[in-house]
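Residue numbers (my numbering): 53 to 610.
Glycine residues also receive a C-beta, built at the ideal position from the N, C-alpha and C atoms.
Input: a single structure, listed below in structure tokens.
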Amino acid sequence: MHIRLPKRLLAAALAGALAMTPVSAAFVDTEAHWAADAIAKWSEEYQIIQGYEDGTFRPDNSITRGAFAGILDRFLKFQAQAPAETFSDTAGTYWESAILKLNAAGIYLGNNGKALASDTITRQQAVTMIARAFGIDAATDTLPYLDAEQFAEYARGPVAEMTSRGYITDSQDGSFRPLEPITRAEIVSILNNMIQVLVQETVNYSSDVSGTLMINAEGGASLADMTIAGDLILAPGVSGPVTLNNVTVQGAVRNFSSVELTVFQVVPTDPAQPGETQTPVTPVTPAGPGIQPSEVYTPGITTGETFEYDKRQIPVYADAEPIQLYQGDFMWNDTGDRLIYTGDRFRTRFGIDVSAYQNRASENETIDWEAVAADGVEFAMVRVGLRGYSSGGINADAYYARNIDGAMAAGIETGVYFFAQAITVEEAIEEADFVIELLRDHEINGPVAYDWEMSDSRYRVYGTPPEMATACAIAFCERIAEAGYTPMIYAGTYVSYIKYDQGAIAPYLSWYPEYKSDTSEKLYPTIRYQMDYWQFTSNCSIAGIGGRVDANLQFIPW
């Protein structure tokens with residue numbers, strides 16, 4: 053028997069900073085407000101947002117830096133606290149503890165030794181602090197806003213990433229207004245976009261969640277028989293056990309706490325007999341040596357030349373085609389978010405790649421693929437699934453089938469990509485087989501890409517030897533080719549140079565990300581080798597899709 057979570061979530065987290073006096077149900081000044089739904093969700097449905105004695109919520113009021121620190125501290129329940137002398141202006145103030153906790157967590161940095169707690173917090177400051185609090189690293193600092201030049205350098209990456217993930221939806225006129233105060237409604241809107249369910253009490257929870265679920269209950273919680281379409285987040289304040297029993301997390305598991313997850317999966321007691329038993333799942337090292345890289349591929353031939361990257365000497369591979377794209381080969385279109393190839397060595401096609409993030413940012417969580425096609429999109433790469441970068445669990449993208457079928461029906465060439473985190477050849481084959489099974493009932497006419505990424509030590513692939521990383525990519529591609537699909541490898545500069553043997557992977561299509569903007573001095577991909585697809589921005593606007601989209605060019609030799 054599972055107990056449904058009571059609708060009293062986040063009760064203390066926003067109370068002290070977003071309200072003065074408890075007021076129940078609706079507010080007299082929010083009915084026609086643009087954030088009415090978000091405010092209603094957190095007040096009427098969850099009963100957690102408080103208003104003022106006069107029955108107002110005052111959604112357009114600003115908030116101080118100190119009060120905002122209180123929101124994040126109550127939301128995430130930080131444990132460590134910086135020394136009292138960290139800031140010269142916090143001693144004895146109401147928000148001192150919250151500010152010092154956020155400083156210890158690397159979130160609230162202050163200015164010249166001062167916290168400036170009574171100052172009004174701006175939009176760029178607030179979004180940057182939220183991104184830091186949730187460990188959201190920026191993949192780009194290219195901003196899609198008309199007022200991008202007004203941003204402070206520290207805020208460009210966090211705001212760009214928060215926007216690309218669909219968390220910021222209040223900039224309808226194309227401007228972000230980075231220097232303006234953030235309002236109470238805007239704060240609620242962002243948190244509402246990021247977190248669908250917050251478990252604040254130590255309970256059993258078993259309802260599917262179409263977005264991200266976060267646990268901040270000090271005593272932990274038990275999740276069972278459910279699917280979380282977004283991420284699972286454990287707040288720093290969680291100190292009790294967290295148990296997952298037959299739970300599918302389609303996003304990432306982001307554990308900011310000090311506790312280890314206890315994970316159970318349902319497995320047959322006997323392959324010939326129905327019935328189930330609960331078996332704890334603990335990451336283990338295979339008992340045997342497993343398939344070795346030398347069994348998968350022959351190292352590529354090098355020329356004897358090297359070049360420097362990341363203070364290392366990188367070998368030049370004889371079979372890897374040198375780059376044939378140069379300065380002067382590209383120009384921006386009239387809207388400034390699509391590159392046009394003006395060279396004469398290739399013909400090009402324009403395309404996009406999408407995942408559940410784009411669906412969640414779109415109306416009714418549905419991409420209008422007919423509108424996408426009418427906007428000049430010739431190909432689409434759809435995320436079909438992913439392996440969690442910390443948990444290692446494999447899941448399908450929540451919208452992969454809808455996106456594949458919709459894009460194909462609209463006449464758009466459709467391929468797929470899998471966010472891979474294989475650390476053994478066996479895992480790479482497992483990932484390929486998972487993709488093949490997902491595609492069994494869906495027709496595609498584009499490539500199947502292996503997207504193996506690593507940003508920092510939080511990724512399970514961190515420390516994977518280059519030989520094994522290369523073997524995993526090739527094993528995946530071989531399996532995909534055997535199933536009748538065209539394999540492709542997605543890799544950024546670091547993985548391309550440090551982790552992959554470019555000679556060994558040369559037979560496969562390549563997809564390379566390097567983002568550009570109208571301020572880029574080098575308006576061409578700067579990697580040494582030629583790619584088949586170039587992901588040149590994460591901030592393209594496409595009809596039929598909410599939020600920003602990754603845009604790509606395909607290069608086809610004449």
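Within the model, the alpha-carbon separation for threonine 108 versus aspartate 81 is close to 6 Å. The three-state reading of DSSP puts aspartate 277 in strand, counting E and B together. Spanning the alpha carbons of valine 294 and methionine 278 requires a straight line of approximately 15 Å. Between the stretch 455–475 and the stretch 496–514 there are three or more inter-stretch CB-CB distances shorter than 8 Å, so the stretches are counted as touching.
Of Ala191, Ile234, Leu561, the smallest CA-CA separation from glutamate 505 is found for Ala191.
The DSSP-derived three-state label of leucine 231 is coil.
Contact between the stretch 110–118 and the stretch 170–190 is present, with at least three C-beta pairs closer than 8 Å. Around the C-beta of leucine 231, fewer than 16 other C-beta atoms lie within 10 Å, and the residue is accordingly described as exposed. Between the stretch 574–585 and the stretch 369–387, the count of C-beta pairs closer than 8 Å reaches three or more; the two stretches touch.
Between isoleucine 375 and tyrosine 581 a beta carbon distance of about 6 Å is seen, short of the 8 Å cut, so the two are scored as contacting. In its chain, beyond the 5 residues on either side, His494 have a beta carbon closer than 7 Å to the beta carbon of alanine 453. The distance from the Cβ of leucine 152 to that of threonine 145 is about 10 Å, inconsistent with a contact at the 8 Å cut-off.
Aspartate 503 has Phe471, Tyr542 as its beta-bridge partners, per DSSP. For threonine 295, the enclosing beta strand (DSSP E) starts and ends at 294–301.
Runs of the beta strand (DSSP E) lying entirely within the stretch 173–261 and spanning at least 3 residues, in chain order: 249–251. In terms of CA proximity to tyrosine 537, Tyr502 leads the group Tyr502, Asp260, Gly555.
Comparing alpha-carbon positions, the option among Ala207, Ala461, Thr358, Glu238 lying closest to histidine 85 turns out to be Glu238. Contact check for aspartate 449 against valine 434 passes: the beta carbons are separated by less than 9 Å. The alpha-carbon separation between serine 274 and isoleucine 267 amounts to approximately 10 Å. Judged by DSSP secondary structure, valine 487 falls within the alpha helix (DSSP H) whose first and last residues are 477–490. Of the residues assessed, glutamine 365 falls on the exposed side of the cut-off, its CB having fewer than 16 other CB atoms within 10 angstroms. The residue among Ile456, Ala480, Tyr514, Phe471 with its C-alpha nearest the C-alpha of arginine 492 is Ile456. The DSSP-derived three-state label of leucine 128 is helix.
When secondary structure is reduced to three states using DSSP, glutamine 410 falls in the helix class. For aspartate 420, no beta strand (DSSP E) segment is defined, and its DSSP state is neither H nor E. Checking the DSSP bridge columns, you'll see asparagine 163 partnered with Lys166. Note that the stretch 245–259 touches the stretch 212–232; at least 3 beta-carbon pairs, one per stretch, sit closer than 8 Å. According to DSSP, residue pairing for glutamine 587 in a beta bridge involves Pro565, Asn604.
Residue pairing for tryptophan 147: DSSP places it in no beta bridge.
Counting the other CB atoms within 10 Å of its CB gives leucine 313 a total of 16 or more, which places it among the buried residues. Per DSSP, the beta bridge partners of glutamine 365 are Glu360. Where arginine 439 is concerned, the enclosing beta strand (DSSP E) starts and stops at 431–439.
In terms of Cα proximity to leucine 438, the closest of Leu490, Asp420, Trp421, Ala426 is Leu490.
Alanine 448 is bridged by DSSP to Gly437.
Taking a cut-off of 8 Å on C-beta distances, the stretch 150–169 touches the stretch 118–136, as three or more cross pairs fall below it. If you check the CB distance, glutamine 131 and glycine 289 come in under 9 Å.
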